[in-house]
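Under my numbering, the first residue of the sequence shown carries the number 1, and numbering increases by one thereafter.
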Amino acid sequence: MHRSDDGPDGRPVSVTGGRNPEAGIVFDAVGKSFAATRGATPISAIKDVSLTIGAEQFVAVLGPSGCGKTTLLRLADGLIQPDAGSIRIFGNPPQPGPDIGFVFQSFRLIPWATVAQNVEFGLMDLDLTKAERADRVAQNIDLVGLSRAADAYPATLSGGMRQRVALARALAPDPRVLLMDEPFASIDAQTRELMQGELMRIWAQRKSTVMFVTHSVDEAILLADQIVLLAPRPGRVVEVVNVDLERPRWTFDARAEPRFMELRRHLAEQMRKLVLADPSSEFFGRDFVPH
Ligand SMILES: Nc1ncnc2c1ncn2[C@@H]1O[C@H](COP(=O)(O)OP(=O)(O)OP(=O)(O)O)[C@@H](O)[C@H]1O
Ligand SMILES: [Mg+2]
């Protein structure tokens, strides 16, 4: 399960392997600090993170609250710049645009626009004819199974449906890279399970390079080729775990596989240790969590 080149000590951690060895996302000794208030000592959000994610790989970023998961995604999207090190997306500096899709936990839909108009918004930066645009919108709405709700407004949709609109909007430009920040965290357990299946199915068709942030060990194992475990304060890579479960994983009960349970036991234990060892966690130093 451990890879010999895993390195909390800053050595490059490679999560390539699998289908395509071309590097999709590369973090090279990346650091990022934030000052909570002007003049205050900056907090190191990410420190010395080196990571190579292969093209068309699905990588889950797992870690307790405050370990820099969202910061990593924002850096990968070019929304913020690193203080140290560099980031490359298919060899180029990150730049927000149609090549990178971002799915936010909070959906961020436009309330006065219909489902179709929200998805069309994702195509804003592309030079398409009216017919091509309409085609793309319809195709992506169909992909997430919302064709019958194309003319509905977000307020009339369930949480799961809204999240699917956000997913269709991110997928519409057919991005090479898809960044997802806890996209299913606020969806009920049943819908979440269905959405995980949907995402696996869509990814099998589209094959983008995915960075998927989650707090959930089970979700990470179910979806990912590799799991990058981060420790908090400062955010750093502790371990990269290969998920050697067969694909597609929606054709069998992956959670019942002995390998799934083994991975879960290991990762849950690691997460528990990280939380109990974090002085700013409310669980710091306690040891009542079952293991
Ligand atoms: N804009 C900002 N200004 C100040 N501090 C920030 C900013 N963004 C992030 N931080 C700090 O950087 C650290 C990492 O934050 P980040 O949001 O990346 O963590 P996270 O792993 O996504 O957490 P969560 O699981 O709660 O979403 C935290 O200590 C956070 O308070
Ligand atoms: Mg976050």
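Idealized CB from N, CA, C, for every residue including glycine.
Under DSSP, the beta-bridge partners assigned to T214 are L62.
In the assembly as shown, N140 is a buried residue. Its beta-carbon has 16 or more other beta-carbons within 10 Å. Applying a distance threshold of 7 angstroms between residue Cβ atoms and the heavy atoms of ligand 2 selects K69, T70, D181, E182, V213, given in chain order. The beta-carbon distance between V30 and P82, rounded to whole angstroms, is 5 angstroms. This is short enough to meet the 8 angstroms contact definition. Taking all protein chains in view, the Cβ of M124 is surrounded by fewer than 16 other Cβ atoms within 10 Å, so the residue is classified as exposed. Counting along the chain, no alpha helix (DSSP H) covers A84; the unbroken beta strand (DSSP E) around it starts and ends at 84 to 89. Shown here, Q226 sits in a strand according to DSSP, grouped into three states.
The bridge partners DSSP lists for T209 are V177. Residue pairing by DSSP places A231 opposite R236 in a beta bridge. The straight-line gap separating the alpha-carbon atoms of V61 and A23 is approximately 17 angstroms.
Between S50 and F27, the CB-CB gap stays under 7 angstroms.
By the C-beta criterion, the stretch 68 to 82 is judged to be in contact with the stretch 35 to 48, since at least 3 inter-stretch pairs fall below 8 angstroms.
F34 has its CB nearer than 6 angstroms to a heavy atom of ligand 1.
Annotation for G122: R169, A170, A172, P173 place their beta carbon closer than 7 angstroms to its own, counting only its chain and skipping 5 residues before and after. Within the chosen limit of 6 angstroms, ligand 1 does not reach the beta carbon of A277 with any heavy atom. A distance of 7 angstroms or more separates the beta carbons of A256 and L222.
For A23, the uninterrupted beta strand (DSSP E) segment begins and ends at 23 to 34.
Apart from sequence neighbours up to five positions away, the residues of its chain that approach P234 with a beta-carbon distance below 6 angstroms are S44, K47, ordered along the chain. Sequence-distant Cβ neighbours of D151 in its own chain, meaning closer than 8 angstroms and more than five residues away, are T114, V115, A116. At a threshold of 6 angstroms, S280 does not count as near ligand 1, since its beta carbon sits no closer than that to any of the ligand's heavy atoms.
In this model, R162 and L179 are separated by some 17 angstroms (Cα to Cα).
At a Cβ-Cβ threshold of 7 angstroms, V144 and R164 count as neighbours. Scanning L194, R247, L263 for the CA closest to the CA of A220 turns up L263. Sequence-distant Cβ neighbours of I202 in its own chain, meaning closer than 8 angstroms and more than five residues away, are L143, V144, L167, L171.
One alpha carbon belongs to H215, the other to D127, and they sit about 37 angstroms apart.
Scanning the stretch 62 to 145 for uninterrupted beta strand (DSSP E) segments of 3 residues or longer gives 84 to 89, 100 to 103, listed from N- to C-terminal end. Residue pairing by DSSP places I221 opposite no residue, since no beta bridge is assigned to it.
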